[in-house]
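Going down the list, the sequences are from chains A and B.
22 is the number that our numbering gives to position 22 of the first sequence; each next residue is one higher, with no gaps.
Numbers given in our numbering equal positions in the second sequence, counted from 1, plus 1000.
The beta carbon of each residue, even a glycine, is placed where N, CA and C say it ideally should be.
Please read these numbers as outputs of a predicted model, since none were measured by experiment.
Right, one structure below, let's go through it.
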Amino acid sequence: MTADSVEPIIRISHAWKFFGELTALNDVSLDVMPGEKVVICGPSGSGKSTLLRSINRLETVDKGTIIVDGQDVNSPDNDINKIRQELGMVFQSFNLFPHKTVLQNLTMAPMRLRKIPRPEAESRALELLKKVGISDKANVFPAMLSGGQQQRVAIARALAMNPKIMLFDEPTSALDPEMIGEVLDVMVTLAREGMTMVCVTHEMGFAREVADRIIFMDHGQVLEENAPQDFFGAPKHPRLQKFLNQIL
Amino acid sequence: MTNEPQNVRIVITDGAIIPDPKERRIITAWSISFVGALGALVYLCASRPEPYWRLLQFLPDGIAVTFKVTVLSILCSIPIGLITGLGRLSRNRLINLVASTYVEVVRGIPLLVQLFYIYYALGRFLKVPDLLAAIIALSVCYGAYMGEVFRAGIDSISKGQTEAARSLGFNRAETMFMVILPQAWRTILPPVGNEFIAMLKDTSLVSIIAVADILRRGREFASESFLYFETYTMVALIYLLITLFLSKGVSIMESRLNYYDRR
């Protein structure tokens, strides 16, 4: 890593976002350091997904700046498609491409966008499938997989672009309970390998295990930000205390 | 049957009372129409070769013209439809407005009037050959309908697909052509097939501007022989048989389009 790796790789400064009357983001600032794992939690409608999606500009903020790896994502001078290539994203609803096989889902973007030749893209894809534990399903269509398997493919698809950062938007919320574990296992492995991760999730066990920092949001504001130990052990904000009582 | 309450049996079904599409039936609306039409055609030709058999030899020239006009027009209307559909979904206000206005105007004018307009009204300034005028009128008209088919097909793909593609770094065009359209065509193709059938029937309008399609050939035959009943019976049976074949083709195509959903 270079000397400037001590700079935050994501820098959100005073972000505001309005949906009509609703203030989805209310002056949110957040820095994420390279290699850091940040978990964002909060009740539904708290703005946590909006915050995550504004990092790769699936939502544009109305005020404030978001800098990813030194580039302002909202600046017209920067190619958002290039910035997004460094930001892997995993969605609640998987969003695999149903008309492509699992292998094609993984090779499509690297071949087209990174100009990686097919044999190389395919061997890398198979490696990633092995890593997420579904190498035997390379040539089937996503509809034939269980939810947990689909989500693991989705993670592998994002990783196939070799992103610097992974964004997770409630990756286990659409899964049957018995499938949550297999997805979280993959995410824990990824965290151990040093990937920079920002996860919106309700999985507090996961947060406790891998997060360097947990952010609690409500009504578009960051109400508390702490290391897991203090976050769970000594929550200060009354909204967080209430939230933890409800979910733990 | 009495209507006493104790005799009322509540049957809980999965949905509306329509035949299960998976159930294979021999007697269907299609098979009745097909056997009826074919039977009538064969019976008429066998029992009264004059004029029916002679008609059957006279009309096929027209069938070829009808198909030619239909196929060429559909091939032109598909790109027009794609552009219109994309235009209707465009975030660019101007493009959107142009595409929407086109659809609005074309849908508001009867095809026959459009055909007269291109052939006779514009013909005052620029002489358009009859076949070309027919193809232009049908393409412009059906392009607008196709635009709606494409728009609906593209709209039917979940927003998550676009988000997934864009988050990987694909640009708008790549997302549309590599992710959205390859999925949307399954929704688009069956209605395009139906538009094809509708257009084949609408090509009968071009007989008015001297294109020698099935109906025109029929009119020629009838005006010489004065056998109106026999002629138009034959013309109707031929149209019916062609559209029955095509509609079967569309439904077979429809059932084969779901290959990646099969478990």
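Is there at least one Cβ from chain B nearer than 7 Å to M166/A's Cβ?
Not an interface residue.
Of the residues that make up the region 1168-1183 of chain B, which ones have a beta carbon closer than 8 Å to any beta carbon in chain A?
Answer in chain order: L1168, G1169, F1170, N1171, E1174, M1178, V1179, P1182, Q1183.
Taking 7 Å as the CB-CB cut-off, is M89/A touching chain B?
With 7 Å as the cut-off, M89/A counts as an interface residue toward chain B.
K63/A: first and last residue of the uninterrupted beta strand (DSSP E) it sits in:
Bounds of the beta strand (DSSP E) holding K63/A are 63-68.
If I'm right that I1154/B touches I1180/B with Cβ under 8 Å, what's the distance once you round it to whole angstroms?
Indeed, because the Cβ distance is near 6 Å, the residues count as touching under 8 Å.
When DSSP labels each residue in this structure, what does Q92/A get in the three-state scheme?
In the three-state DSSP reduction, Q92/A falls in the coil class, being neither helix nor strand.
Comparing the C-beta of A15/A with each C-beta of chain B, is any distance below 7 Å?
For A15/A, the answer is no, since every Cβ of chain B falls outside 7 Å of its Cβ.
Can you tell me whether N105/A sits near the ligand ATP, meaning its C-beta is under 6 Å from at least one heavy atom of the ligand?
Looking at this structure, you won't find the ligand ATP or any other ligand, since it has none at all.
Specify whether the region 1101-1120 of chain B and the region 1142-1156 of chain B touch according to this definition: at least 3 beta carbon pairs, one from each stretch, less than 8 Å apart.
In short, these stretches touch, since the Cβ pair count reaches three.
Only counting the same chain, and skipping five residues up and downstream in sequence, which positions put a Cβ closer than 7 Å to that of G20/A?
Counting only Cβ-Cβ distances below 7 Å, and skipping sequence neighbours, we find nothing.
Using the DSSP secondary-structure output, state which residues sit across from Q221/A in a beta bridge.
Note: Q221/A sits in a beta bridge opposite D218/A.
Excluding sequence positions up to five away, which residues of its chain have a Cβ less than 8 Å from the Cβ of S1073/B?
Sequence-distant Cβ neighbours of S1073/B in its own chain, meaning closer than 8 Å and more than five residues away, are A1134, I1135, L1138, S1139, Y1142, M1199, T1203.
Scan the region 155-207 of chain A and note each continuous beta strand (DSSP E) run of 3 residues or more that stays entirely inside, going in chain order.
As far as the region 155-207 of chain A is concerned, its whole beta strand (DSSP E) runs of at least 3 residues are 165-169, 196-200.
Where do the N-terminal and C-terminal ends of the beta strand (DSSP E) with L30/A fall, by residue?
Start and end: 22-32.
Whose CA, out of I1242/B, F1229/B, F1245/B, lies closest to the CA of L1044/B?
In terms of Cα proximity to L1044/B, the closest of I1242/B, F1229/B, F1245/B is F1229/B.
Burial state of D169/A (16 or more Cβ within 10 Å)
When all chains shown are included, D169/A counts as buried.
What residue does the beta strand (DSSP E) around R11/A start on, and which one ends it?
Where R11/A is concerned, the enclosing beta strand (DSSP E) stretches over 10-19.
Does the Cβ-Cβ distance between L190/A and G1169/B come in under 7 Å?
The answer is no: Cβ separation not under 7 Å.
Less than 6 Å between C-beta atoms, sequence neighbours within five positions excluded: which residues of the same chain meet that for C199/A?
Contacts found: V39, F168.
Output the distance between the C-alpha atoms of T1084/B and A1099/B, rounded to the nearest integer angstrom.
Between T1084/B and A1099/B, the C-alpha separation is close to 5 Å.
In the DSSP assignment, find the unbroken beta strand (DSSP E) run with V39/A in it and report its ends.
Per DSSP, V39/A is one residue of the beta strand (DSSP E) stretching across 37-41.
Below 8 Å on C-beta distance, what does Q104/A contact in chain B?
Those do not exist, as Q104/A stays about 11 Å from chain B at its closest Cβ, beyond 8 Å.
If the cut is a Cβ gap below 8 Å, which residues of chain B does A84/A touch?
For the record, residue 84/A in the displayed sequence is Arg; it is not Ala. Contact annotation for R84/A against chain B: R1166, S1167, L1168, G1169 [CB-CB distance below 8 Å, chain order].
Any idea what DSSP makes of S1255/B, helix, strand or coil?
S1255/B sits in a helix when the DSSP states are folded into three classes.
For R213/A, the three-state DSSP class (helix, strand or coil):
Looking at R213/A - three-state DSSP - the assignment turns out to be strand.
Please classify N226/A: does DSSP put it in a helix, a strand, or coil?
Here N226/A carries a strand assignment [DSSP, helix/strand/coil].
Pull the bridge partners of L87/A from the DSSP assignment, please.
Its beta-bridge partners are I165/A.
Among the candidates G42/A, L145/A, G147/A, E122/A, whose CA atom is the shortest distance from the CA of I215/A?
Minimum Cα-Cα distance from I215/A among the listed residues G42/A, L145/A, G147/A, E122/A corresponds to G42/A.
Could you check whether A125/A and A160/A sit closer than 7 Å to each other, using their CB atoms as the reference points?
Yes.
Is there a Cβ of chain B sitting closer than 7 Å to that of V78/A, yes or no?
It should be pointed out that residue 78/A corresponds to Asn in this sequence rather than to Val. Chain B, which has no Cβ nearer than 7 Å to the Cβ of N78/A, makes this no.
Return the CA-CA distance between L87/A and N162/A, expressed in angstroms with no decimal places.
Per the coordinates, the alpha-carbon of L87/A lies some 9 Å from the alpha-carbon of N162/A.
Quick one: give me the first and last residue of the alpha helix (DSSP H) that P1049/B is part of.
Taken as a continuous stretch (DSSP letters only), the alpha helix (DSSP H) holding P1049/B covers 1049-1058.
Using the C-alpha atoms, what's the distance from D136/A back to L129/A?
One C-alpha to the other measures close to 8 Å.
What runs of the beta strand (DSSP E), each 3 residues or longer, lie entirely inside the region 85-145 of chain A?
Fully enclosed beta strand (DSSP E) runs of 3 or longer: 87-90.
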